[in-house]
Structures are given as structure tokens and as C-alpha cells.
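*Asks:* Shown below is the structure under consideration.
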Amino acid sequence: MSNELFKAFRASELHDKNINFLIGSGASASFIPTLKINDDFTYEDILTDSDYSEIKDFIYYQYYKNILRKSFCFFKRDDDADLRKTRRETLSAYQELIDNIVNLINRKGANQIRRANIFTTNYDLFFENASDKLLRNSTNFIFNDGARGLKTRYLQISNFHTSTWHQGTNDLYKFEIPTINLIKMHGSVSWRKVNEEKIEVSYPNSYPKDLEVDLDIPDIQTAIKLIEDFTLTHTAKESLALTNEDELALKEFRKEYDKLAIVNPTKAKFEETVFQQHYYQSLRLLSYELEKPQTVLICFGFSFKDEHIREIISRSLSNPSLIVYVFCYKHESKSEIKELINNKKIIFIYPENNDDGHFIDLDRFIDCIFSVSGIDSMEGLTCSL
């Protein structure tokens, strides 16, 4: 298929649509590692493998230390220069994305709701930090993370159904302030479980003190090699040879870790009542938005492996005015996603081949949607159903 459909998408007036984004881990992949440990194992693999069940505290410690800790997106002076540069560039890209969405919403007509929804499975704080920087620089919009409160803020899905209006001093006029809803479907490192019904939302300036445990134990790659080497003669716990002090420290760490309101990388993702409630409410909100007339869903960095989200999107394609755009990181990503979800109403935008530089990262994704001319950003990309 020619790129005419792609060009039409880029030139179309999206501001008059019901605008929704679905953002996955690929958006932050330049800074936050994936779940992959080595060529044979991921964190999800070993957390669901009965052979590793005795050392789950150890695995969660490694998962936090190697992946989750970066999701706070803090600048640390002792980080190496390359890491600081990558974080700065990733944050800058998120700022550009948010700024462009705000400008898009601002073009909506007086009778249209000035709102865009960002659904994400990420629990990092790039969206929050980027929005905070824009707001401090006087960009006029409402960033809605779904929480309400003053000193203590709690998450409530109904908070996403709000609008804010600015009125003149004498109430002679009013206009709606653009709102960006950030719906974090898999939780966030800024969330804490208060009880079985409440999730508290706060934005700390430092890492959670009780999770900052420094132990002299094997790293995750070394641990897996030890366990695999001694699999016939030792259990996983015996292979690591942890001291009693280490095991006690890991147990205390796990108690604090379990207070984080995030989806863990296991097959049984939603065992806890508080998460079942939030997750299925966010699914209903996604379904509700996709059923509205003149709706567009723009997907980036999302693998479609979450079967519940995938099913919601599949069912919503019966909406005759819904259009779904899926931006694929690399050429083969299209076929991988089409094996999971395939419909003629889904428009795939992807690299023509696997040549060097032919990929769609966050910067290029932004260029594809928002650049004025679009010629450079389209080079090497194609579009098909």
C-alpha cells in the first residue's frame, strides 16, 4: 500500500477527534531496561518458575535494583554521564509529546471537550516529571493523574471525568483549560497501597528509604548461572548460599516492596483486590472512550501482550468511526503484533526494512504525528492495514 493513508493521517485535523493514546514500555526503553535478564530468561520467567520459588525475595530485590529503581527517573550526581544524558533526552522527548498534545487540544472547538487521554502500562514517572516541568514553565493545562486530596491524595477512577474552566474577573467569559488524563493501568512507583480499597499517590524527591538496601550478594545473571549449573544437586536457595543475615534483610525488603502499588512481572498479575478494582475500572474507562464517536487511538511502544487490553480494543473496533494507529518500533514488529490483533481498521506504521536507522523511537514517533512538513520523519517508513 502507498503512503497516502499515512500522509492523510499526518495531515488530518486530529483536534476534532476524541483523542486517546496507548503508550507501552517501548516509550521509555532508552532509559529503563526491559524484563530480559539474558537470552534465556526474563524476570517473569523466573518469578513463575517453581524451581525459583524459594528465592522470590532475592528476585524482587534484583528486579527493584536493576529496573524498578530507574522508574523514579531521578537525576543522581553519581550516575555516569551517559546515563544522565539518556535520562535527560528521554525526559525532553516526553515534554515535547505533552506540549504537542496540549497544543492539539487547544485547537478544539468551543463545543468540544478539551481533553486527551493517555492510557499507559508504564509505571515510571516520565509523564509526571515532563508535565511538571511544562507547568513550571507556564504551559497552561491540567495534568490529571486521577488522584484527589490536599496533604494526602488518593486514586479514584471517577476523577478522570472532570473538566476545569477559567472565568474572567467579572464572569463575563469562560474557557475550558486543556486537560490531559494519565491513566496508569499497571500502577506506578508513585503509588502506595493503604489498604484493600485505597491507593495513595505522592511524588517523592528521593528513593523510598526502606527499599534502599545494599547487600553483598550475587547479581541476577550470576545467580541464574549458579542455579543452572547446580540444578541437579542443589536447590536455587542452596546454590546462592545466602547468609541468615542476607535472608532476613531480603525478607524485610520484600515487606516494604509489597507496599508499592504496581503490577509485578508474574503471570498472576492481579491477585490483589485493590489492583483488580483499579485495573478493571481502567479497562472500562478505555472501553468507554473507544466507543465514543469520532475516536482515534494512537498506540506506541505497546506490545499488545496484555490480553485484557487487547480484547477491549478488538471489541471496540465495531465502532464504525474508531480508527486505531499502531506505530511499530521495527519492521518485524508489525507481524508480531498482527499475530495478536488483526483488523482492517488498524493502521500499522512501521519501518520499510531493518536497515540501520530504520526504527521508530519516541522522538520519531513525535515527529510522525506533530511535525509540520513530515517529509523527513516519513523517510524509510511505510503504512498498511
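Per the working numbering, the sequence shown runs over residues 6 to 390.
Glycine included, C-beta positions come from ideal geometry on N, C-alpha and C.
All values derive from a computational prediction rather than experimental measurement.
Over what stretch of residues does the alpha helix (DSSP H) that includes V329 continue unbroken?
*Replies:* That residue, V329, is in no alpha helix (DSSP H); its beta strand (DSSP E) goes 328-332.
*Asks:* Considering only their Cβ atoms, is the gap separating F132 from I110 smaller than 9 angstroms?
*Replies:* No; because the gap between Cβ atoms is not below 9 angstroms, this pair is not in contact.
*Asks:* Would you kindly work out how many angstroms separate the C-alpha atoms of S193 and G173, rounded to a whole number?
*Replies:* Their backbone Cα atoms lie some 37 angstroms apart in a straight line.
*Asks:* May I have the straight-line CA-CA distance separating Y334 from T184, to the nearest angstrom?
*Replies:* Using only the alpha carbons, I get a separation of about 28 angstroms.
*Asks:* Considering only DSSP beta bridges, list what C388 is partnered with.
*Replies:* Note: C388 sits in a beta bridge opposite I354.
*Asks:* Short of 8 angstroms in beta carbon distance, which residues of its chain neighbour S17, apart from the five on each side in sequence? Order them along the chain.
*Replies:* Confidence at S17 is low in this model, with a pLDDT of 48, below 50, so its placement is unreliable and no value can be given for it.
*Asks:* Starting from the C-beta of G151, find all residues in its chain whose C-beta is less than 6 angstroms away, skip the five residues before and the five after it, and write them out in chain order.
*Replies:* Taken in chain order, the residues that qualify are L160, N164, F165.
*Asks:* Pull up the CB-CB distance for K297 and N23, whole angstroms please, since I reckon it's below 8 angstroms.
*Replies:* So it is a contact: roughly 5 angstroms between Cβ atoms.
*Asks:* What are the complete alpha helix (DSSP H) segments, minimum 4 residues, inside the region 151-190?
*Replies:* DSSP runs (the alpha helix (DSSP H)) wholly in the region 151-190: none.
*Asks:* Looking at the structure shown, is S195 part of a helix, part of a strand, or coil, going by DSSP?
*Replies:* Strand, per DSSP.
*Asks:* Tell whether a beta-carbon distance below 9 angstroms holds between F79 and R93.
*Replies:* No, these two residues do not count as a Cβ contact at 9 angstroms.
*Asks:* What three-state label does DSSP hand A135 in the structure shown?
*Replies:* A135: helix per DSSP, three-state reduction.
*Asks:* Which residues does DSSP pair with T125 in a beta bridge?
*Replies:* The partner list for T125 (beta bridge, DSSP) reads I28, K189.
*Asks:* Note down the Cα distance separating F26 from A228, rounded to an integer number of angstroms.
*Replies:* Cα-Cα distance, rounded: 39 angstroms.
*Asks:* Classify T126: buried if its beta carbon has 16 or more other beta carbons within 10 angstroms, exposed otherwise.
*Replies:* Flag for T126 reads buried.
*Asks:* Is K61 helix, strand or coil by DSSP?
*Replies:* It is helical.
*Asks:* Grouping DSSP H, G and I as helix and E and B as strand, with all else coil, what is N71?
*Replies:* Correct three-state label for N71: helix.
*Asks:* Tell me the residue span of the alpha helix (DSSP H) that contains L302.
*Replies:* Counting along the chain, L302 falls outside any alpha helix (DSSP H), though it belongs to the beta strand (DSSP E) covering 300-305.
*Asks:* Can you give me the C-alpha to C-alpha distance between I182 and D176, rounded to a whole angstrom?
*Replies:* Spanning the two alpha carbons is a distance of roughly 15 angstroms.
*Asks:* If you compare alpha carbons, which of A266, I352, S195, S33 is closest to D368?
*Replies:* Taking only the C-alpha atoms, the option nearest D368 is S33.
*Asks:* Would you mind giving the Cβ-Cβ distance between V313 and L288, rounded to the nearest angstrom? I have them listed as a contact below 8 angstroms.
*Replies:* The sequence given here places His at residue 313; Val does not occur at that position. So it is a contact: roughly 6 angstroms between Cβ atoms.
*Asks:* Thinking just about the alpha-carbon of each residue, which of Q100, T91, I162, N116 is nearest to the one in F124?
*Replies:* The option with the nearest alpha carbon to F124 is I162.
*Asks:* Quick one: grab the DSSP three-state call for I314.
*Replies:* In the structure shown, I314 sits in a helix (DSSP, three-state: H, G or I).
*Asks:* Tell me the residue span of the alpha helix (DSSP H) that contains E2.
*Replies:* Since the first residue of the chain shown is 6 and the last is 390, residue 2 is not available in this structure.
*Asks:* What residue from L187, S376, F307 has the CA that sits closest to F353's CA?
*Replies:* That would be F307, whose Cα lies nearest to the Cα of F353.
*Asks:* What residues in its chain sit with their C-beta under 7 angstroms from that of L255, if we drop five residues either side in the sequence?
*Replies:* Same-chain partners within the cutoff: D62, F63, Y66.
*Asks:* Are there 16 or more other CB atoms within 10 angstroms of the CB of H171, so buried, or fewer, so exposed?
*Replies:* Exposed is the call here.
*Asks:* Identify whether A266 lies in helix, strand or coil by the three-state DSSP scheme.
*Replies:* Strand.
*Asks:* Please tell me whether F148 and T95 are closer than 9 angstroms, where the distance is taken between their beta carbons.
*Replies:* Their beta carbons are not under 9 angstroms apart, which means F148 does not touch T95 by this criterion.
*Asks:* Cα-Cα, which of P213, N186, I118, T157 is closest to I28?
*Replies:* Per the Cα distances, N186.
*Asks:* Using the beta-carbon count (16 or more within 10 Å), is M6 buried or exposed?
*Replies:* Here M6 scores only 43 on pLDDT, less than 50, and its place in the model is too uncertain to base an answer on.
*Asks:* So, E261 versus L216, is the Cβ gap smaller than 9 angstroms?
*Replies:* Contact: yes.
*Asks:* Between Y99 and the rest of its own chain, which residues show a CB-CB distance below 7 angstroms, the 5 nearest in sequence each way excluded?
*Replies:* Hits under 7 angstroms: F131, F132, A135.
*Asks:* Got a sec, what are the start and stop residues for the beta strand (DSSP E) E205 sits in?
*Replies:* Residues 204-206.
*Asks:* Output the distance between the C-alpha atoms of S338 and Y355, rounded to the nearest integer angstrom.
*Replies:* If I take the Cα positions, the gap works out to 8 angstroms.
*Asks:* Does the beta-carbon distance from P325 to Y48 come in below 9 angstroms?
*Replies:* Contact: no.
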